[in-house]
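Student:
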Amino acid sequence: ARIFLPPTAATPPRIPSTRLALHHFDMTYSLHLKELWPSVRVGLLCEQKYGALLNNFSAPDHVIEELELNATDFVFKALQKAQQSQQGAAVRQAVRDSWEGSAEGRTVMQAETMTQAETSPLPFCASINPKIKCYTFPRGDITRFPPARPDTLGLLGYYLMDAASLLPVLALDVHQDDLVLDLCAAPGGKTLALLQTGLCIRHLAANDVSVSRTKRLHQILHNYVPKEVRETVSVTSYDGRDWKDMEGSTFNKVLVDVPCTTDRHSAMEEDNNIFHKRRTKERQMLPMLQLQLLMAGILATKPGGEVVYSTCSLSPLQNECVIERALEIAETEFNINIRVVDLSHFRTLFQDTFSFFSDCRLGELVLPHLTANFGPMYFCKLRRM
């Protein structure tokens with residue numbers, strides 16, 4: 006005789022977090038990016054492109070020679086191109102002027118003006134620190150950099166990172182003797198880039214709320230930075246939202262690279278994915294957390310100081326909307342006037358390396374693209390008046 010067992014409730018298959026993320030992106034980013042979204046989507050789902058941040062504390066000549074075989078320093082290349090463009094414009098202006106009047110004294114004055122224009126840097130170039138060197142392969146070249154090797158002192162010659170992650174550091178424009186705060190510093194790529202400037206040695210505070218991620222930051226500093234420089238960096242694990250209560254109005258420059266939906270990771274990796282069902286509430290609260298961290302960064306900045314806010318998300322809710330709300334709160338609740346600093350020259354300078362979104366209301370956004378698969382990276386600069 007047959008035995009009939011009662012039917013058991015079938016457990017519905019769990020939808021992968023990556024699929025939930027992509028569904029969310031399709032619904033929201035198709036509206037935001039419109040016809041650009043299909044190509045950005047393909048970029049997100051393909052292998053990310055990396056740059057090699059040169060470690061100025063190590064970097065023996067043979068390392069630079071090896072990097073320069075096929076890759077170029079995108080920062081230097083951009084500055085060089087801008088300088089050449091400026092010289093060309095100066096020459097054209099001098100030729101035009103020479104047609105307008107041929108008096109000898111006028112010609113001499115024009116020649117002096119041209120020489121001065123050729124040798125003086127463009128105003129926006131002066132804010133880009135050439136000591137930050139990052140090598141990238143040309144557009145369309147998906148070659149991988151080999152792992153860096155230690156030098157005789159045990160320091161590694163370069164650090165592999167998304168080259169777009171350097172743009173917030175370049176935008177921060179650290180000056181000699183600035184007091185600098187990296188509020189959400191782990192895993193440490195941007196902190197390392199800040200140290201490459203050689204300018205924030207007076208004091209760099211690197212903080213991250215996660216103790217485990219802070220250990221990763223310590224490890225990077227140990228692998229790349231000499232002991233005497235490491236000692237100028239104070240690494241802490243406070244909740245960044247509380248920083249305003251500890252050291253308010255203290256820093257000249259503050260980098261606020263907030264936790265976000267990390268779109269590329271969310272679309273590709275199941276591990277630690279913020280679109281997991283269990284993390285729904287955490288994800289929904291992200292814009293509030295980001296706003297609180299940005300406000301803490303603003304309040305930690307001296308009057309006249311500057312803050313750069315950044316995410317690795319395409320979401321306007323995590324990008325421009327956070328900036329707009331912070332400007333409003335700073336004025337209404339703290340009587341602080343904040344000015345958004347124009348960074349549109351970054352688009353011109355770095356258009357050969359990155360694909361930028363031209364319709365950002367505030368700040369700049371690097372879009373993933375198959376031929377230049379960096380990003381996403383949003384960054385916006387604020388000045389406390």
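For reference, each letter of the sequence shown is one residue, going 6 to 390 in the working numbering.
Note that the Cβ used here is the ideal one computed from N, Cα and C, for glycine as well.
All values derive from a computational prediction rather than experimental measurement.
(1) Quick one: is G380 buried, meaning 16 or more other Cβ sit within 10 Å of its Cβ, or exposed?
(2) Measuring straight from C-alpha to C-alpha, what distance separates G56 and H227?
(3) If you draw a straight line from the C-alpha of L332 to the C-alpha of V230, how long is it?
(4) For the beta strand (DSSP E) containing K307, list its first residue and its last residue.
(5) Measure the C-alpha to C-alpha separation of G368 and C189 and round it to an integer number of angstroms.
(6) Output the distance between the C-alpha atoms of K195 and P151, rounded to the nearest integer angstrom.
(7) Should R246 and A301 be called a contact, given that it needs their Cβ atoms to be closer than 8 Å?
(8) Does the distance from the CB of T53 to the CB of D167 come in under 8 Å?
(9) Excluding five sequence neighbours on each side, which residues of the same chain lie with their C-beta closer than 8 Å to the C-beta of G110?
(10) Please state the DSSP three-state secondary structure of H281.
(11) DSSP three-state label for R246, please.
(12) Would you kindly report the start and end of the unbroken alpha helix (DSSP H) that includes L322?
(13) When you compare only the Cα positions, how much space is there between Q323 and E73?
(14) Taking the alpha carbon of A198 as the point to measure from, which residue in V216, V240, D156, N134 has its own alpha carbon closest?
(15) Tell me the rounded alpha-carbon separation between T3 and P321.
(16) Suppose you measure from the CA of H208 to the CA of T255; what does that come to, to the nearest Å?
(17) I need the boundaries of the alpha helix (DSSP H) containing D187, first residue and last residue.
(18) What does V382 pair with, by DSSP beta-bridge criteria?
(19) Which residues mark the beginning and the end of the beta strand (DSSP E) in which F355 is found?
(20) Is it buried or exposed for I328, if we count other Cβ within 10 angstroms and need 16 for buried?
(21) Once you ignore the five residues that flank I137 on each side, which residues in its own chain have a CB closer than 8 Å to its CB?
Tutor: Here's the rundown:
(1) Residue burial annotation: G380 is buried, with at least 16 other C-beta atoms found within 10 angstroms of its C-beta.
(2) Roughly 21 Å between the two C-alpha positions.
(3) 36 Å
(4) 306-316
(5) Answer to the nearest angstrom: the Cα atoms are 19 Å apart.
(6) 21 Å
(7) Yes. Within cutoff.
(8) Looking at the sequence provided, one finds Gln at residue 53 rather than Thr. Yes. Within cutoff.
(9) Per-residue confidence for G110 stands at a pLDDT of 49, beneath the threshold of 50, marking its modelled position as unreliable; the derived number appears in the next sentence. Contacts found: none.
(10) coil
(11) Helix, per DSSP.
(12) No alpha helix (DSSP H) holds L322; DSSP gives it neither H nor E.
(13) 37 Å
(14) N134
(15) Because the chain is modelled from 6 through 390, residue 3 falls outside the range shown and cannot be assessed.
(16) Going by the C-alpha atoms only, they are around 11 Å apart.
(17) Segment 184-187 is the beta strand (DSSP E) holding D187; no alpha helix (DSSP H) there.
(18) The amino acid at residue 382 is misidentified as Val; the sequence shows Met. Answer by DSSP bridge pairing, in chain order: V371.
(19) First-last for F355: undefined, no H or E at that position.
(20) By the neighbour-count rule (16 or more Cβ atoms within 10 Å), I328 is buried.
(21) L58, V80, L171, V174, L175, A198, Q201, T202
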